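Working notes, beginning with the structure itself.
Residue numbers (my numbering): 1 to 387.
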């Protein structure tokens, strides 16, 4: 396998722990990798062995109209034919990520017989979209050589929604690779948080479904020796808070610190998390979009921020979110509460050093990409050869 095309229309490949590890795996095996993606808030690193094929906002809007609104098979096929004819080379394998990546990879297969595999991170449910919207996915799934998903719960729903063959799936939790790096440079120090304060952090998507405003509202009742860092994954914390209607000037001084630091690679989180004592991981499906309904309800092991917390040995507070809530109780790496208002009563419990060790042990044994890399490489080779 010498040449691989990765189609990722979210465009944040290096913010996705699994995809970042897959890219590393391919490059380590001397594969010439090309990534097709839209230009967006996520930065792409400058890697010599990596070829980038970005497209702009206008073309991204056109793609969304074709694939998501109109859902016309012939028009979708025509758009892929155009890229195949004028943009792409020949590849030994195509990796399609999520719905649009799957559909485009399937059309490329029809055009060129280039085999493809499917990585799922977002599940689109027919009950939240439409029969027409799902028909393209189901048709594309008929030709997939192998598919990857985070756990058995999500696999069951994905298989049902897309008509995928269960005998060609591989389970791989959404998580980074290897142990975390120790870092003497700490975000908390850059933000001016006093050394005597313990720090909790809410990070990732600053949104309604991640209950960011509710977490901020809870801070007034926190113990005096605790502070909160709010960290948006793309370094747009203040912008995203204002979008939610948060009064930035009204945030409690000395208790809440806003981070506008952005990481290109998910592996760069050591600066962000150094000196943090507790993570906050709240998920509340709001059913306002196809991404924030059942896709969150059946979260399983598809939380990148939780796996990053565990990698860094940071125990966390969460609401009842299914799989990870049950595991936190079983392996003692976190506390499950009903609502963010309950954070204040949970924080005093975070003086137990064994929780951090439990977090690292669980990550190492169950989540670490290292545990899955040989199997993934084997499945990629099989897909490339058996077409």
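Think of the CB as a built atom: it goes at the ideal place given N, C-alpha and C, for glycine as much as any other residue. Keep in mind the model is a prediction, meaning the values are calculated, not measured.
Next on the checklist: Which residue marks the beginning of the beta strand (DSSP E) containing residue 186, and which one marks its end?
Outcome noted: Residue 186 -> no beta strand (DSSP E), and no H or E assigned at all.
Next on the checklist: So, at 8 Å on beta carbons, what are the nonlocal neighbours of residue 57 in its own chain, with the 5 sequence-adjacent residues on each side left out?
Outcome noted: 38, 39
Item to check | DSSP state of residue 257 mapped onto helix, strand, coil | outcome: DSSP places residue 257 in strand when its eight states are reduced to three.
Checklist entry - Closest by CA to residue 271, which one among 188, 247, 257, 381? => result 188
Checklist entry - In the structure shown, what three-state DSSP assignment does residue 269 receive? => result helix
Checklist entry - What number of angstroms, rounded off, separates the C-alpha of residue 36 from the C-alpha of residue 225? => result Rounded to whole angstroms, residue 36 to residue 225 spans 47 Å at the Cα level.
Checklist entry - Using the rule of at least 16 other Cβ atoms within 10 Å of the residue's Cβ for burial, across every protein chain shown, is residue 248 buried or exposed? => result exposed
Item to check | Own chain residues within Cβ distance below 8 Å of residue 169, not counting five before or after | outcome: 146, 147, 148, 149, 155, 159
Checklist entry - Can you give, in chain order, each stretch of the beta strand (DSSP E) that sits fully within the stretch 20-87 and has at least 3 residues? => result 32-38, 50-55
Checklist entry - So what's residue 98 in DSSP terms, helix, strand or just coil? => result Looking at residue 98 - three-state DSSP - the assignment turns out to be helix.
Item to check | At least three beta-carbon pairs within less than 8 Å, the stretch 132-145 to the stretch 65-77 | outcome: Verdict: yes, contact present.
Next on the checklist: Classify residue 89: buried if its beta carbon has 16 or more other beta carbons within 10 angstroms, exposed otherwise.
Outcome noted: exposed
Next on the checklist: Check whether chain D comes within 7 Å of residue 6, counting only Cβ atoms and requiring the distance to be less than that.
Outcome noted: In the structure shown, chain D cannot be found, because there is only a single protein chain.
Checklist entry - Whose CA, out of 4, 307, 157, 75, lies closest to the CA of residue 116? => result 4
Next on the checklist: Please list the terminal residues of the continuous alpha helix (DSSP H) segment that includes residue 233.
Outcome noted: Note, residue 233: premise wrong, no alpha helix (DSSP H); not H, not E.
Next on the checklist: Once the 5 residues before and after residue 209 are set aside, which same chain residues still bring their CB inside 7 Å of it?
Outcome noted: Excluding sequence neighbours, residue 209 sits near 283, 284, 285, 286, 292, 296.
Checklist entry - So what's residue 169 in DSSP terms, helix, strand or just coil? => result strand
Item to check | Extent of the continuous alpha helix (DSSP H) to which residue 373 belongs | outcome: Where residue 373 is concerned, the enclosing alpha helix (DSSP H) stretches over 373-385.
Next on the checklist: Once DSSP output is grouped into helix, strand and coil, what is the label at residue 290?
Outcome noted: coil
Checklist entry - Does the Cβ of residue 101 have 16 or more other Cβ atoms within 10 Å, making it buried, or fewer, making it exposed? => result With 16 or more Cβ atoms within 10 Å of its Cβ, residue 101 is classed as buried.
Item to check | Residues near residue 29 in its chain [Cβ-Cβ closer than 8 Å; skip 5 each side] | outcome: Same-chain partners within the cutoff: 1, 377.
Checklist entry - So what does residue 280 bridge to, in DSSP terms? => result 202, 317
Checklist entry - Any idea which residues DSSP pairs residue 3 with across the strands? => result 32
Checklist entry - Quick one: what's got a C-beta closer than 6 Å to residue 435's C-beta in the same chain, skipping five residues either side? => result This structure cannot speak to residue 435, because the chain is shown only from 1 to 387.
Checklist entry - In the structure shown, what three-state DSSP assignment does residue 157 receive? => result helix
Checklist entry - Is residue 226 helix, strand or coil by DSSP? => result Strand at residue 226.
Checklist entry - Can you round the beta-carbon distance between residue 193 and residue 199 to whole angstroms, since I take them to be within the 8 Å contact cut? => result 6 Å
Item to check | Burial state of residue 244 (16 or more Cβ within 10 Å) | outcome: exposed
Checklist entry - Just how far apart, CA to CA, sit residue 370 and residue 18? => result 11 Å
Checklist entry - Is it true that the CB of residue 229 sits closer than 7 Å to the CB of residue 251? => result no
Checklist entry - What separation, rounded to the nearest whole angstrom, lies between the Cα atoms of residue 301 and residue 359? => result Between residue 301 and residue 359, the C-alpha separation is close to 15 Å.
Item to check | Three-state secondary structure (DSSP) of residue 356 | outcome: helix
Next on the checklist: For residue 309, report the span of its alpha helix (DSSP H) as first-last.
Outcome noted: 304-311
Checklist entry - Residues in its own chain within less than 6 Å of residue 262 by CB, not counting five upstream and five downstream? => result The residues 234, 235, in chain order, have a CB closer than 6 Å to that of residue 262 in the same chain once the five nearest residues on each side in sequence are set aside.
Checklist entry - Smallest Cα separation from residue 354: which of 20, 316, 124, 140? => result 316
Next on the checklist: Check for me: the beta strand (DSSP E) holding residue 118 runs from which residue to which?
Outcome noted: From DSSP, the beta strand (DSSP E) with residue 118 extends over 116-119.
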